Structure formats: structure tokens, C-alpha cells
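The structure appears right after this line, and notes come after that.
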Amino acid sequence: MSSERNQGKSTHSETTNRALQRMGYKGILVSHGLRALTSSTLNEQSFDHDVIAASLAHHDKNQVRAAYNRATYLDSRSVLIA
């Protein structure tokens, strides 16, 4: 999710945590848990790992692959929200 003030920067996880608390999930769910739930669910549905990782703004741990793979997977990512 993009920051409201800076579109090129991600929203801070604490912003999401506060929103979850206001929705009544205090002590039940935090932003990292929500990301884990999303990743697990999409992986169980056999979506492409690279698409899931890009959607969650994860960086490739393989430095060589990360240096050469600049794909954003936008077309494939749109299927995740459909």
C-alpha cells in the first residue's frame, strides 16, 4: 500500500496496525499477520510465487536475480484482486 503523503513510499506497518485496532482486531491481528495470511492463502491457491512476492513488496533474496529481474508482474497481480 502506498503512503498517502508519498506515493513512492510504502505505508508504515504501524499505520495498518492502528487501523486494525480501530476495527476491533486489537490483540487478534497485526499487519505482518495479515501479510502472512495473504501469502499463505495465495500460495495455497497456486498463484505464482514471484507475483505474490511482488504484490507484498518483498525483495528477492537472490542478489543476482534481483539485479536482473525488474519485472513488476502488473498484469498477473491484477488477477489476485479480482
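Everything in the sequence shown is counted per the working numbering, starting at 10 for the first residue and increasing by one. C-beta atoms are modelled at their ideal positions from N, C-alpha and C, and glycine is treated no differently. Just so it is clear, the structure is predicted and the values come from calculations on it, not from any experiment.
What's the C-alpha gap between residue i and residue j?
{"i": "THR25", "j": "TYR34", "result": "11 Å"}
{"i": "HIS41", "j": "ASP84", "result": "25 Å"}
{"i": "ASN15", "j": "SER22", "result": "15 Å"}
{"i": "ASP59", "j": "ARG27", "result": "29 Å"}
What three-state label does DSSP hand residue i in the structure shown?
{"i": "SER87", "result": "helix"}
Please say whether residue j and residue i have beta carbons closer to each other than 8 Å?
{"i": "THR81", "j": "ALA63", "result": "yes"}
{"i": "LEU38", "j": "LEU51", "result": "no"}
{"i": "ARG31", "j": "LEU65", "result": "no"}
In terms of residue numbering, what span does the alpha helix (DSSP H) encompassing residue i cover?
{"i": "LEU46", "result": "40-53"}
{"i": "GLN30", "result": "Run containing GLN30: none; DSSP gives neither H nor E here."}
{"i": "ILE37", "result": "Unbroken run through ILE37: none, as it is neither H nor E."}
{"i": "SER19", "result": "That residue, SER19, is in no alpha helix (DSSP H); it is neither H nor E in DSSP."}
{"i": "ALA75", "result": "72-77"}
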